[in-house]
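Peer 1: Just passing along the structure, written as structure tokens.
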Amino acid sequence: MAFAYYARLSRAQQAIYRKSDAIAEIRLPRPETLRPRVAALESALASEDRAATRRASAELIGGLCEAMGLPPVRVEVLAARPSARWGELHGLYTNERGTPITIQLWMRTAKQKRVVAFRTYLRTLLHEVGHHVDYTGLRLADSFHTEGFYKRESSLFYQLVPERRATMPTIEERMKLPVAENLERMGRTADALAAALEGRSEGALSRRPDAKNWSAKEIVCHLRDAEEYFALRLWMMQALQDPPFPVPEQDRWVEDRQYARQDTVAALAAFRRRRQETLAVFDGLPAGGLARTGISKALGHLTTADHAAILAWHDDNHLDQLRRALEGKA
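Counting the sequence shown from 1 gives a position; our numbering is that position plus 793.
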């Protein structure tokens, strides 16, 4: 399903969009040979050394370009992300006649000047490489943000950073983790959902494992609407003093909003947009913003930082539920 801006494109641009959207994967010939460069980048970013991070970024991008048969690019790593009313710039790809092809990356957030979480930084790097692939590999006349584009980005990510099977952290364990780690987990959820849903039939998405447990489609719709609910809680904590949170009526949402009749792809796209907005809220918090509190009927006083843990745990829980639903397991 095309994103909403597709309708505003010219016919020629729509044709390019469709070509991009139809390509869901890029296979690296030997991804294991690039994983040491990924590890080196993680270490460099953890050191907070910009020169070392630039070298490691350039090494990884150079290896990717060589593996995919793409022309080399110049890599720049800058300090804090530029910020404006429309948001923050995470990375930038420029390919203009007469100048070197360049990828620029920012390693710190705009307002709080925190070093970006590793997986977020790597995602940004691969996002900009994705534009390079579009122009110089796929030979597209433009590089649009399509579902196919994001899937190609994810295909590169999971070849370079294979998911490790691990016990799912409890909500209490999540609350003990650094906020940045929980935010990084939140940043991966939309792509994890897309990977789990890819290639599934409408019947498989709509089928409940039993009368009480939700289908995969209903879970995606729930995540979309829960994101809107948590956005309200985040706003309340910043605007009010210890506000009591409204109680979510998630079971009623399923019936009242007719989840079973909704489009799964559209619901996932809406969740992705809302999650990006949530992450932007966390990234733009003023000093002391993480300590602002509200009152949950179930859990009592909760800080804004606690909500990063709750959302990350909520993601873990429903991703596991979705995978089980697709396997027909309650």
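All C-beta atoms, glycine included, are put in the ideal place defined by N, C-alpha and C.
Label A851 either buried or exposed according to how many other C-beta atoms from any shown protein chain fall within 10 Å of its C-beta, with 16 as the threshold for buried.
Peer 2: A851 is buried by the Cβ-count criterion.
Peer 1: Say whether the stretch 1087-1098 touches the stretch 1024-1039, bearing in mind that this needs 3 or more beta-carbon pairs closer than 8 Å, one atom from each stretch.
Peer 2: Touching, yes.
Peer 1: By how many angstroms is the C-alpha of G862 removed from the C-alpha of F796?
Peer 2: Using only the alpha carbons, I get a separation of about 30 Å.
Peer 1: Would you give the residue range spanned by the alpha helix (DSSP H) that G1087 belongs to?
Peer 2: No alpha helix (DSSP H) holds G1087; the beta strand (DSSP E) holding it covers T1086 to S1089.
Peer 1: Just to confirm before moving on: does the CB-CB distance between E1011 and F1064 stay below 8 Å?
Peer 2: Not a contact, by the Cβ cut-off of 8 Å.
Peer 1: Should the stretch 887-899 be called in touch with the stretch 959-975, which here means at least 3 C-beta pairs below 8 Å?
Peer 2: The stretch 887-899 vs the stretch 959-975: no contact.
Peer 1: Taking only the alpha-carbon atoms, compute the straight-line gap between A1004 and N1110 and give it to the nearest angstrom.
Peer 2: When rounded, the distance between both Cα atoms is 19 Å.
Peer 1: Do A832 and A845 come within 8 Å of each other at the CB atom, strictly closer than that value?
Peer 2: Contact flag unset, no.
Peer 1: Would you call T826 buried or exposed, if buried means 16 or more other Cβ atoms sit within 10 Å of its Cβ?
Peer 2: Looking at its Cβ environment, which holds fewer than 16 other Cβ atoms inside 10 Å, T826 is exposed.
Peer 1: Quick check: what's the CA-CA separation for V1124 versus K944?
Peer 2: With the chain covering only 794 through 1123, there is no way to say anything about residue 1124.
Peer 1: With DSSP as the reference, identify every bridge partner of G1093, one or two as the case may be.
Peer 2: G1093 is bridged to S1089.
Peer 1: Would V1013 be called buried (16 or more neighbouring beta carbons within 10 Å of its own) or exposed?
Peer 2: Buried, by the Cβ-count rule.
Peer 1: Would Y886 and E921 qualify as a contact pair, given that the criterion is a beta-carbon distance under 8 Å?
Peer 2: Contact flag set, yes.
Peer 1: Quick one: is S1089 near chain D, going by C-beta distance under 8 Å?
Peer 2: Protein chain content of the structure displayed is limited to a single chain, and chain D is not contained in it.
Peer 1: For W879, count the other beta carbons within 10 Å of its own beta carbon; 16 or more makes it buried, fewer makes it exposed. Which is it?
Peer 2: Reliability fails at W879, whose pLDDT of 35 lies under 50, so the model's placement of it is uncertain and no value is given.
Peer 1: Suppose you measure from the CA of G855 to the CA of E869; what does that come to, to the nearest Å?
Peer 2: When rounded, the distance between both Cα atoms is 13 Å.
Peer 1: Please list, in chain order, all residues of the same chain as A1101 whose beta carbon is under 6 Å from its beta carbon, the five residues on each side excluded.
Peer 2: Cβ within range, chain order: V972, N975 and L976.
Peer 1: If you count every other CB in all the chains shown that lies within 10 Å of the CB of D1076, and 16 or more means buried, which is it?
Peer 2: Burial call: buried.
Peer 1: Given a threshold of 16 other Cβ atoms within 10 Å of its Cβ, counted over all protein chains shown, does S840 qualify as buried or as exposed?
Peer 2: S840 comes out exposed.
Peer 1: Whole alpha helix (DSSP H) runs in the stretch 1030-1114 with 4 or more residues, listed along the chain?
Peer 2: Complete alpha helix (DSSP H) runs here, min 4: 1043-1049 and 1057-1076.
Peer 1: DSSP on R884, reduced to helix/strand/coil?
Peer 2: This sequence places Gly at residue 884; Arg is not what is there. DSSP places G884 in strand when its eight states are reduced to three.
Peer 1: Three-state secondary structure (DSSP) at W1028?
Peer 2: Three-state DSSP puts W1028 in a helix.
Peer 1: Could you check the C-alpha separation between R1001 and A1118 for me, to the nearest Å?
Peer 2: About 7 Å.
Peer 1: Check for me: the beta strand (DSSP E) holding I896 runs from which residue to which?
Peer 2: Taken as a continuous stretch (DSSP letters only), the beta strand (DSSP E) holding I896 covers T895 to R901.
Peer 1: Taking only three categories from DSSP, how would you classify E835?
Peer 2: Helix.
Peer 1: Let me know the secondary structure DSSP gives L918 once reduced to three states.
Peer 2: Three-state DSSP puts L918 in a helix.
Peer 1: Let's test the definition: count the other Cβ atoms within 10 Å of the Cβ of R830 and tell me whether it reaches 16, buried, or not, exposed.
Peer 2: It counts as buried.
Peer 1: Using a Cβ-Cβ cut-off of 6 Å (strictly less than) and excluding sequence neighbours within five positions of F937, which residues of its own chain qualify?
Peer 2: Excluding positions up to five away in sequence, the list reads Y810 and S813.
Peer 1: Just the C-alpha distance for A983 and L1061, rounded to the nearest angstrom, thanks.
Peer 2: When rounded, the distance between both Cα atoms is 7 Å.
Peer 1: Let me know the secondary structure DSSP gives A1019 once reduced to three states.
Peer 2: Three-state DSSP puts A1019 in a helix.
Peer 1: Do the stretch 985-998 and the stretch 1042-1053 touch if we need at least three Cβ pairs shorter than 8 Å?
Peer 2: Not touching, per the Cβ criterion.
Peer 1: What did DSSP end up calling V909 once you bin it into helix, strand or coil?
Peer 2: Correct three-state label for V909: coil.
Peer 1: Since L871 contacts L853 with CB under 8 Å, what's their CB separation in whole angstroms?
Peer 2: The pair is not a contact, with the Cβ atoms about 17 Å apart (cut-off 8 Å).
Peer 1: When DSSP labels each residue in this structure, what does A987 get in the three-state scheme?
Peer 2: A987: helix per DSSP, three-state reduction.
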